[in-house]
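Take the position in the sequence shown, starting the count at 1, then add 341; the result is the number in my numbering.
Each residue gets a CB set at the ideal place from its N, CA and C atoms; glycine is no exception.
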Amino acid sequence: MSGDHGAPRPDYAARRAALRNLLVENGVDALLVTDLVNIRYLTGFTGSNAALLVYSWDTAEDRTVICTDGRYITQVGEQVPDLRAEIARASARRIVELAGEWQTGRVGFESHVVTVEEHHAFVEQGTGLELVPAPHLVEQLRLVKDAYEVDRLRAACAAADAALATLFERGGLRPGRTERQVARELEWLMFEHGAEAVAFETIVATGANSAVPHHRPTDAVLAAGDFVKLDFGAKIGGYHSDMTRTLVLGEPSDWQREVYELVYAAQKAGREALKPGVACADVDAAARSVIEAAGHGELFVHGLGHGVGLRIHEAPGLAKTGTGTLLGGVALTVEPGVYFPGRGGVRIEDTLVVRDGGPELLTLTSKELTVVD
342 MSGDHGAPRP DYAARRAALR NLLVENGVDA LLVTDLVNIR YLTGFTGSNA
392 ALLVYSWDTA EDRTVICTDG RYITQVGEQV PDLRAEIARA SARRIVELAG
442 EWQTGRVGFE SHVVTVEEHH AFVEQGTGLE LVPAPHLVEQ LRLVKDAYEV
492 DRLRAACAAA DAALATLFER GGLRPGRTER QVARELEWLM FEHGAEAVAF
542 ETIVATGANS AVPHHRPTDA VLAAGDFVKL DFGAKIGGYH SDMTRTLVLG
592 EPSDWQREVY ELVYAAQKAG REALKPGVAC ADVDAAARSV IEAAGHGELF
642 VHGLGHGVGL RIHEAPGLAK TGTGTLLGGV ALTVEPGVYF PGRGGVRIED
692 TLVVRDGGPE LLTLTSKELT VVD
């Protein structure tokens, strides 16, 4: 069971009330929620099997029902004391059966996660129901983070910051160590500093490997003169942090300084573009144009950033093809990179929250070029 480290309990009833408004707007009587992350957002339940039925009527809170299997009888009572709980092995099918018994009418389902096989089963089970696709409704609510969520994000970022600081203090980054050794130590240090899990598989990439954006750690040995790219994050209360720092072992060359300063400038431009009302594609362009002006646009091979929260990758996407505009309270990353195949690369990444007066920076480790002697 995931802990929230003593943080106050979110107002799950208010979240479900906001969802009911969306259901009315979308013309459905109820929503069958099967995405476990969305169920956690709406109820606090963290089990590995669940389904949730939320009605659109203002008086329907007493009919909202969560279903899970027998492994979680105690857990669902503790985590979701205010809702009716059903116990069944096939949770989603039981929810659909109940919706049919209650003559619900139009039931939306999360068509972005439901498989064809599951849909066929729902149709067979839901006698008299009209099942309609209703994708990404809960994700719309999750886009803007409330104070509780930002607090959890801040804690996850602090754990990652502290882990990296401790790695430096203990001499964990030095020639002769392997990428795998550094990655495992950094992950362990995040646990030491309060993480409940790592946010994703830690990236440690040395030398030419640093030119591979999502390199997986190997037995490659860190050597003097190498770029070393560290991309890592912690998870606390279900919320993820994401940070990348690139450093040099020993005195950096002129080329390394030049590349680093370019990415640093691009990242700064991207961060400064984070304002409510700005198009996501324009934020990407603010950073990308800096790299393109230096003649290296083709070496920036991914989007500028992504939302972060209960998932490590969420909406919105900051990319050339990004859609929509930023809202205050959205949490996301800004992570430009320039990668020279066979030689090395630099990425600098922060987790931030969009605010009216400028973004709130959650990852606080210095972005100045770090030289490890």
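By the 10 Å Cβ neighbour count, where 16 or more other Cβ atoms means buried, how is D714 classified, buried or exposed?
As a position in the sequence shown, residue 714 is number 373, starting the count at 1. Exposed, since its Cβ has fewer than 16 Cβ neighbours within 10 Å.
Taking the DSSP output, what are the residues bridged to V395?
Translated into the one-based positions of the sequence shown, residue 395 becomes position 54. V395 pairs with L372.
I'd like to confirm the pairing. Which residues does DSSP put opposite I544 in its beta bridges?
Position 203 of the sequence shown, counting from 1, holds the residue named residue 544. Looking at the DSSP assignment, I544 forms a beta bridge with D572.
Taking only three categories from DSSP, how would you classify T519?
Locating residue 519 in the sequence shown gives position 178, counting from the first residue. Here T519 sits in strand by DSSP.
Per DSSP, E701 forms a beta bridge with which residues?
Numbered from 1 along the sequence shown, position 360 holds the residue referred to as residue 701. In the DSSP output, where bridge partners are listed per residue, E701 has V694.
Kindly examine the ligand ADP and report whether one of its heavy atoms sits closer than 7 Å to the Cβ of D560.
With respect to small molecules bound, the structure shown includes none, and the ligand ADP cannot be examined in it.
How do the region 565 to 582 and the region 504 to 520 stand: do at least 3 beta-carbon pairs fall below 8 Å, yes or no?
yes
What are the uninterrupted segments assigned as alpha helix (DSSP H) that are 4 or more residues long and contained completely in the region 565 to 619, given in chain order?
595 to 613
Among R434, L470, A426, nearest to Q444 - alpha-carbon criterion:
Looking up residue 444 in the sequence shown gives position 103. Ranking R434, L470, A426 by Cα distance to Q444 puts L470 first.
Residue range of the alpha helix (DSSP H) that Y680 falls in?
Counted from its first residue, the sequence shown places residue 680 at position 339. Looking at the DSSP string, Y680 is not in any alpha helix (DSSP H); the run it does join, the beta strand (DSSP E), is 678 to 681.
Segments of 3+ residues assigned as beta strand (DSSP E) that fall wholly inside the region 640 to 691
646 to 648, 655 to 659, 672 to 675, 678 to 681, 685 to 688
Measuring only the C-alpha atoms, how far is G513 from V365?
Here residue 513 refers to the residue found at position 172 of the sequence shown. Here residue 365 refers to the residue found at position 24 of the sequence shown. So the alpha carbons of these two residues sit roughly 55 Å apart.
Is F509 helix, strand or coil when you go by DSSP?
The sequence position of residue 509 within the sequence shown is 168, counting from 1. Here F509 sits in helix by DSSP.
Taking the straight line between their C-alpha atoms, what separation do you get for P700 and D691?
As a position in the sequence shown, residue 700 is number 359, starting the count at 1. As a position in the sequence shown, residue 691 is number 350, starting the count at 1. Approximately 11 Å, taken between the alpha carbons.
According to the neighbour-count rule (16 or more other Cβ atoms, all chains shown, within 10 Å of its Cβ), is P422 buried or exposed?
The count along the sequence shown starts at 1 and reaches residue 422 at position 81. It is exposed - the Cβ of P422 has fewer than 16 other Cβ atoms within 10 Å.
Curious, which full-length beta strand (DSSP E) runs of at least 3 residues does the region 422 to 464 contain?
425 to 428, 447 to 450
Three-state secondary structure assigned by DSSP to A536
On the sequence shown, residue 536 is found 195 positions in, with the first residue counted as 1. Coil at A536, not helix or strand.
Anticipated Cβ contact below 8 Å, R688 with T585, distance rounded:
Along the sequence shown, one-based indexing puts residue 688 at 347. Along the sequence shown, one-based indexing puts residue 585 at 244. Their Cβ separation, rounded to whole angstroms, is 5 Å, which keeps R688 and T585 in contact under 8 Å.
Rounded to whole angstroms, what's the CA-CA distance from H346 to V464? Just pull it up for me.
If you number the sequence shown from 1, residue 346 lands on position 5. If you number the sequence shown from 1, residue 464 lands on position 123. Note that H346 scores 46 on pLDDT, short of 50, meaning its location in the model is unreliable and no value can be drawn from it.
Does the region 575 to 583 come close enough to the region 530 to 543 that 3 or more CB-CB pairs lie under 8 Å?
yes
Going by DSSP in three states, V562 sits in which element: helix, strand or coil?
Residue mapping note: residue 562 aligns to position 221 of the sequence shown, counting from 1. V562: strand per DSSP, three-state reduction.
Pull up the distance between the alpha-carbon of T409 and that of E419, whole angstroms please.
Along the sequence shown, read from residue 1 onward, the residue named residue 409 stands at position 68. Along the sequence shown, read from residue 1 onward, the residue named residue 419 stands at position 78. Rounded to whole angstroms, T409 to E419 spans 13 Å at the Cα level.
Among residues of its own chain, excluding the 5 on either side of M342, which ones have a beta-carbon nearer than 7 Å to its beta-carbon?
Sequence index remark: in the sequence shown, residue 342 carries index 1 (1-based). Because the pLDDT at M342 is just 47, under 50, the model does not fix this residue reliably, and the value given afterwards should be weighed accordingly. Closer than 7 Å at the Cβ level, and outside the excluded window around M342, lie T387, Q416.
Going by DSSP in three states, E419 sits in which element: helix, strand or coil?
Sequence index remark: in the sequence shown, residue 419 carries index 78 (1-based). Of the three classes helix, strand and coil, the one that applies to E419 here is helix, per DSSP.
Based on the DSSP secondary-structure assignment, which residues constitute the bridge partners of L377?
As a position in the sequence shown, residue 377 is number 36, starting the count at 1. In the DSSP output, where bridge partners are listed per residue, L377 has none listed.
Given that a residue counts as buried once 16 or more other Cβ atoms are within 10 Å of its Cβ, and exposed if not, what is K661?
Counted from its first residue, the sequence shown places residue 661 at position 320. It is exposed - the Cβ of K661 has fewer than 16 other Cβ atoms within 10 Å.
Residues bridged to P474 by DSSP?
As a working note, residue 474 is residue 133 in the sequence shown. Paired residue(s): F450.
Just verifying my parser: in three-state terms, what is the DSSP assignment at T711?
The count along the sequence shown starts at 1 and reaches residue 711 at position 370. Strand, per DSSP.
By a C-beta neighbour count over all protein chains shown, 10 Å radius and 16 as the cutoff for buried, is E451 buried or exposed?
Locating residue 451 in the sequence shown gives position 110, where the first residue counts as 1. With 16 or more Cβ atoms within 10 Å of its Cβ, E451 is classed as buried.
Output the distance between the C-alpha atoms of G638 and E459, rounded to the nearest integer angstrom.
Indexing the sequence shown from 1 puts residue 638 at position 297. Indexing the sequence shown from 1 puts residue 459 at position 118. Looking at the two C-alpha atoms, the distance is approximately 44 Å.
DSSP on T409, reduced to helix/strand/coil?
Locating residue 409 in the sequence shown gives position 68, counting from the first residue. T409: strand per DSSP, three-state reduction.
V553, DSSP secondary structure in three states
In the sequence shown, residue 553 corresponds to position 212, counting from 1. Reduced to three states, the DSSP call for V553 is coil.
Report, in whole angstroms, the separation of the C-beta atoms of A627 and A610, which I expect to be a contact under 8 Å.
The residue labelled residue 627 in the question sits at position 286 within the sequence shown. The residue labelled residue 610 in the question sits at position 269 within the sequence shown. That belief holds up - the Cβ atoms of A627 and A610 are roughly 5 Å apart, short of 8 Å.
Hey, how far is the Cα of K486 from the Cα of L702?
For the purposes of this step, residue 486 is taken as the residue at position 145 of the sequence shown. For the purposes of this step, residue 702 is taken as the residue at position 361 of the sequence shown. Looking at the two C-alpha atoms, the distance is approximately 14 Å.
Identify, in the order they occur along the chain, each residue of the same chain with its Cβ nearer than 7 Å to the Cβ of P349, setting aside the five sequence neighbours on each side.
Translated into the one-based positions of the sequence shown, residue 349 becomes position 8. The answer, listed in chain order, is Y489.
Nearest-angstrom Cα distance between L363 and V448?
Here residue 363 refers to the residue found at position 22 when the sequence shown is read from its first residue. Here residue 448 refers to the residue found at position 107 when the sequence shown is read from its first residue. Approximately 13 Å between the Cα atoms of the pair.
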